[in-house]
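The sequence shown begins at 4 in the working numbering and counts up by one. Glycine included, each C-beta is placed from N, C-alpha and C at the ideal position. Predicted model only: the values in this text are computed from it and were never measured. One structure below.
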Amino acid sequence: LLKDQGVNVLLNIFIGPVINAARGIASSASAVTAFANNFMTALNPQIIKSYASDDKEYTFSLVERGSRFSFFILLILAMPILFETEFILEIWLKQYPDHTPNFVRLTLVLALCDILSNTLITLANATGKIRNYQLAVGGMLLMNFPISYICLKLGFPPESTFATSIFISVCCMFLRLAFLQRMVGYSVVGYLKRVYSKVLMVVLCALVMPMLTMMAISSDGWLRFIVICLVCVGGTMAATYIVGCTNTEKKYICNKISVLKDKLVHV
């Protein structure tokens with residue numbers, strides 16, 4: 004309540020009800036997380052089962068792959084929206100409140116930060132020893148309310164509340180990692196190396212082509228929107244395969260593509 008609705012109350016007090024309308028519209032953008040969450044729904048039981056079987060190596064592998072690929076799936080869906088937010092809002096609403104484009108973009112960035120922690124949450128819950136974990140992480144999440152209040156009180160723009168949420172989300176991820184290292188012996192450095200560094204590299208690589216396309220096609224319109232969508236999806240998928248996947252995962256993807264090709268040929 005304090006993390007989400009509490010911030011809505013603060014925005015209503017400091018800015019006005021119009022800003023709540025902008026935040027409400029921006030929350031619709033989080034619907035793109037549904038597809039990535041479906042991927043997690045299928046993975047969570049496997050993490051719990053493998054942990055119950057005391058197969059920690061396989062459990063940690065599932066946690067890392069789940070974090071990476073749920074992030075990649077969401078990134079593929081979010082990239083076109085991040086670059087063409089204004090055009091999408093104009094098609095959808097014609098007129099929209101101030102700050103809405105920034106709110107939409109920040110909502111998607113927050114969703115990308117949050118989704119990295121999904122498998123960590125599942126692993127923590129699988130241990131059954133969650134009292135101290137919930138107190139610490141829940142306490143950190145509650146800090147979103149007072150920090151947002153301070154930012155608005157000091158005269159920062161309403162976007163500062165989203166920036167606060169993103170900062171808190173990243174802090175919670177590191178806090179979860181610290182607890183998991185103590186609870187199940189999970190390596191924080193290993194996670195940062197095999198997950199966090201890879202997703203950052205994919206993001207940086209995926210941003211290059213859309214940014215060059217935006218510079219080449221400066222005018223808004225359907226042409227740029229279609230080109231940006233194709234470039235974002237294609238570029239992100241290419242970056243995911245080249246930079247974000249291990250050699251084993253690349254072989255698995257290639258084998259699946261070969262099987263799919265064979266099926267299409269025989270149809």
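How many whole angstroms separate the CB atoms of residue i and residue j, which I take to be in contact at a CB cut-off of 8 Å?
i, j, result
"residue 246", "residue 218", "Rounded, the Cβ-Cβ distance is 23 Å, inconsistent with contact."
"residue 90", "residue 165", "With a Cβ gap of about 21 Å, residue 90 and residue 165 do not count as contacting."
"residue 61", "residue 53", "5 Å"
"residue 216", "residue 206", "Wrong, their Cβ atoms sit about 17 Å apart, outside the cutoff."
"residue 143", "residue 174", "6 Å"
"residue 110", "residue 34", "About 10 Å separates the two Cβ atoms, so there is no contact after all."
"residue 187", "residue 180", "No, residue 187 and residue 180 are not in contact; Cβ-Cβ is about 11 Å, not under 8 Å."
"residue 139", "residue 177", "Actually they are not in contact, since the Cβ atoms of residue 139 and residue 177 sit about 11 Å apart, beyond 8 Å."
"residue 146", "residue 171", "6 Å"
"residue 50", "residue 114", "Contact doesn't hold; Cβ gap of about 21 Å is too wide."
Here's the rule I'm using: 16 or more other beta-carbon atoms within 10 Å means buried, otherwise exposed. How should residue i be labelled?
i, result
"residue 121", "buried"
"residue 127", "buried"
"residue 83", "buried"
"residue 1", "Because residue 1 is not part of the residues shown, which for the chain are 4 to 270, the question remains open."
"residue 66", "buried"
"residue 235", "buried"
"residue 136", "buried"
"residue 233", "exposed"
"residue 81", "buried"
"residue 223", "exposed"
"residue 255", "exposed"
"residue 16", "exposed"
"residue 55", "exposed"
"residue 271", "With the chain covering 4 to 270 only, the question about residue 271 has no answer from this structure."
Quick check: is any heavy atom of the ligand SAH less than 7 Å from the C-beta of residue i?
i, result
"residue 201", "For the ligand SAH, the structure offers nothing, since it holds no ligand at all."
Using 8 Å as the threshold, is the stretch 35-44 in touch with the stretch 63-78, meaning 3 or more CB pairs across them? yes
Pair every Cβ in the stretch 19-29 with every Cβ in the stretch 96-109, then say whether three or more of these pairs are closer than 8 Å. Short answer: they touch.
Report the residue ranges of all alpha helix (DSSP H) runs contained in full by the stretch 117-181; include only those spanning at least 4 residues, in chain order. 121-130, 134-145, 147-156
Is the stretch 4-24 touching the stretch 144-153 in the sense that three or more CB pairs, one from each, lie closer than 8 Å? yes
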